[in-house]
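Residue numbers (this note's numbering), protein chains in the order written: chain A, 32 to 248; chain B, 916 to 1201. Idealized CB from N, CA, C, for every residue including glycine. Working notes, structure below.
Written out as structure tokens, the structure reads:
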């Protein structure tokens, strides 16, 4: 998923430490040698000798504070787990939205989980590029959302495509978002923003129940 | 999150010596390891000025949206406006952080947000006009988000990788902001006689400010394209008006004076409120 050479790695917590420091290290990191990265999707077979796989498992099991049925790995915000040059475990997270307040909690939980797994030196860095996409939510994550009556996202629009503006109708009975409660295909959007930026509020036209939908970005 | 989890997270934060709570930033974070490296061929002064201006647009715009909290026509609208404001606030934080890196002052996000007077802000003046009614707010949101989206799509290929990453992320958010505004403009313009009258009034009030957005060429040397973004804005503005049954005037030519530091009388009172806690309790952490 990561474009080679294009990663802007921003260290530390975007939303609780100084952003200045955060972005400062980003600039530095892009110039330096890339840390040994383990892609979040691919287990590093045979790496258990140095504990990296254990570290990855600990980080991957941390749960999203807003959508606790999802782990950070399910959500696709866990980008990599690697040893940095100084021996610290470096965990790269990517924010879902620029202003997502949950990132601070994700970071704290990740540090705590790795400490508990026996890694005393832990650093959480933030990756802004490429930007998070709902396409990164895993199949297991999509099933977990549906089981909790939240409709999973459809395919995200391609980033380089022109961004379409729909001017009618105002309330969309767009196909493609099935009711997570009764399974009916006909549902309508009530509000494009729900309890958090990442979710919209919809209603099923068959069973009439409202439900949330993780919208595509 | 269970209380147990919450306490554990807070304890983990305390272990790291970071007093914090959700968005708490402990106003003056010590700067460490600030590297102000800017890619070869990029004018650091111009980059800092652009990041500051785009950050100011977002911060001031977010504050105006926040003024709908507890006062929106429906709970869903209130949530939407707060979420849109939060996206913009997130963009402002990233842009201010980048500004502090490249302008040579080493200032942090809070320095820009809380410790500047109105005359140091460089936002477009459209962003600082009073909140107005819901129709005006939607007309302004359409103008600002359509223009920012057009600009950010171009800046996603900016020569500065940090600005490019911030812009690429912002594009996804701004598409939702623009759609939200356009939906309501169509609904109100195509609604009752009263809603159409007020939507037209909102359009008429915002329209003359479009020229200020189109006149802003500060991003041109850094991957932006004022002419292209201005044309896209005008197209969205007119198409939305057509769908909503609104009329579009021949708005007067306008200068980009807000970018040069000209302010309306409305920014200072907004900042008084935004900055009051930080200034009453400098250095406070909780």
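{"Item": "Would you report the Cα separation of residue 1094 of chain B and residue 169 of chain A, rounded to the nearest angstrom?", "Value": "27 angstroms"}
{"Item": "Do you know whose CA, among B/960, B/1007, B/1040 and B/984, lies nearest residue 1131 of chain B's CA?", "Value": "B/1040"}
{"Item": "Would you call residue 1024 of chain B buried or exposed, if buried means 16 or more other Cβ atoms sit within 10 Å of its Cβ?", "Value": "buried"}
{"Item": "Can you pull out the residues from the region 218–242 of chain A whose beta carbon lies closer than 8 angstroms to at least one beta carbon of chain B?", "Value": "221, 222, 223, 224, 225, 226, 227, 228 and 232"}
{"Item": "Could you tell me if residue 244 of chain A is buried or exposed, where buried requires 16 or more neighbouring beta carbons within 10 angstroms of its beta carbon?", "Value": "buried"}
{"Item": "So, are the CB atoms of residue 1182 of chain B and residue 1036 of chain B less than 9 angstroms apart?", "Value": "yes"}
{"Item": "Going by C-alpha to C-alpha distance, which of A/155, A/82 and A/131 sits closest to residue 226 of chain A?", "Value": "A/131"}
{"Item": "Spatial neighbours of residue 1135 of chain B within its chain, please: CB distance less than 8 angstroms, with the 5 preceding and 5 following residues excluded, ordered by chain position.", "Value": "1141"}
{"Item": "Are the CB atoms of residue 182 of chain A and residue 210 of chain A within a distance shorter than 9 angstroms?", "Value": "yes"}
{"Item": "Which first and last residues belong to the beta strand (DSSP E) in which residue 218 of chain A is found?", "Value": "218–222"}
{"Item": "Suppose you measure from the CA of residue 117 of chain A to the CA of residue 1009 of chain B; what does that come to, to the nearest Å?", "Value": "27 angstroms"}
{"Item": "Is the region 95–103 of chain A in contact with the region 977–993 of chain B, if contact means three or more CB pairs nearer than 8 angstroms?", "Value": "no"}
{"Item": "Can you tell me which residues form a DSSP beta bridge with residue 114 of chain A?", "Value": "A/120"}
{"Item": "Specify the secondary structure class of residue 213 of chain A as computed by DSSP and reduced to three states.", "Value": "coil"}
{"Item": "Using a beta-carbon distance below 9 angstroms, is residue 248 of chain A in contact with chain B?", "Value": "yes"}
{"Item": "What's the call for residue 207 of chain A, buried or exposed, on a 16-neighbour Cβ count within 10 Å?", "Value": "exposed"}
{"Item": "Which ranges would you report for the alpha helix (DSSP H) in the region 1012–1048 of chain B if only whole runs of at least 4 residues count?", "Value": "1024–1029"}
{"Item": "Looking only at DSSP bridge pairs, what is residue 181 of chain A linked to?", "Value": "A/243"}
{"Item": "One question on the structure: do residue 994 of chain B and residue 1124 of chain B come within less than 9 angstroms of each other, judged by their Cβ atoms?", "Value": "no"}
{"Item": "Does residue 1155 of chain B get closer than 9 angstroms to chain A when you measure Cβ to Cβ?", "Value": "yes"}
{"Item": "Within 10 Å of its beta-carbon, does residue 988 of chain B have 16 or more other beta-carbons around it, so buried, or fewer, so exposed?", "Value": "exposed"}
{"Item": "So which residues of chain A does residue 1006 of chain B contact, with C-beta pairs closer than 9 angstroms?", "Value": "129 and 130"}
{"Item": "Cutting at 6 angstroms between CB atoms, please list the residues of its own chain near residue 123 of chain A, excluding the five before and the five after it.", "Value": "110, 111, 156 and 158"}
{"Item": "Measure the alpha-carbon distance for residue 972 of chain B versus residue 248 of chain A and round it to whole angstroms.", "Value": "23 angstroms"}
{"Item": "Are there 16 or more other CB atoms within 10 angstroms of the CB of residue 189 of chain A, so buried, or fewer, so exposed?", "Value": "exposed"}
{"Item": "Give me the Cα-Cα distance between residue 1056 of chain B and residue 1098 of chain B, rounded to the nearest whole angstrom.", "Value": "11 angstroms"}
{"Item": "Could you give the C-beta distance for residue 1001 of chain B and residue 164 of chain A, rounded to a whole number, given that I count them as a contact under 8 angstroms?", "Value": "Wrong, their Cβ atoms sit about 19 angstroms apart, outside the cutoff."}
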